[in-house]
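First comes the structure, then the notes that go with it.
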Amino acid sequence: MTSPTGNTRKKKNLPSCLSSSQQTKVLDGLAMDHGDARAYLTSLLNKNLRITTTDGRLFWGAFKCTDANQNIVLSHTYEYRKASGADPLSLEHSLRMDVAAARYLGLVVVPGEHIVRMELEQFVSQMRQKPPSRLPESGQETMST
């Protein structure tokens with residue numbers, strides 16, 4: 125497959141039970157139809173993602189969009205690089221290196237062919253999905269335990 129810029133990309137092989145004509149995507153080993161995949165991506169909009177690339181860099185930013193080539197656009201992005209190969213002399217030195225290895229980039233396009241891993245940043249409070257409490261008829265809030 126050739127991109128508009130002339131770069132060749134390898135076509136990903138689908139499992140034998142799936143064909144590209146079925147518009148089925150595989151996510152974490154689970155098959156998703158086109159509508160489910162769209163809903164999942166929509167749920168990720170404006171959430172913080174950590175993306176690791178083939179060269180070991182980590183990009184942390186808010187997910188804005190993707191395209192057919194699996195490129196990811198992040199806003200308010202920070203790039204974290206591995207510290208240099210030199211051995212840290214002390215804990216203080218290693219902490220300084222971690223800060224020096226981070227930089228603010230802003231709006232970033234991460235090429236899909238270089239993405240190794242994507243992680244959704246969630247806090248414990250976000251992981252526990254509580255159903256929304258309903259307000260009583262009188263308009264007073266209730267506390268649910």
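First residue of the sequence shown: 125, per my numbering; consecutive thereafter. C-beta: ideal position from N, C-alpha, C; glycine also.
- Sequence-distant partners of residue 229 (beyond 5 residues in either direction) whose C-beta falls short of 6 Å from its own C-beta, in its chain, are 201 and 203.
- Each residue's CA atom was taken as its position, placing residue 169 and residue 175 some 15 Å apart.
- Within the same chain, and ignoring the five residues on either side of residue 177 in sequence, the residues whose Cβ sits closer than 8 Å to its Cβ are 183, 234, 238, 239 and 240.
- Between the alpha carbons of residue 231 and residue 171 lies a gap of roughly 14 Å.
- Buried is the label assigned to residue 185, since at least 16 other Cβ atoms lie within 10 Å of its Cβ.
- Excluding its 5 nearest sequence neighbours in each direction, residue 179 has no C-beta neighbour in its own chain below 6 Å.
- Straight-line measurement puts the Cα of residue 245 at about 25 Å from the Cα of residue 157.
- A check of alpha carbon separations from residue 191 across 206, 247, 162 and 205 identifies 162 as the nearest.
- Taking C-alpha positions only, residue 205 is separated from residue 159 by approximately 36 Å.
- By the neighbour-count definition (other C-beta atoms within 10 Å, threshold 16), residue 247 is an exposed residue.
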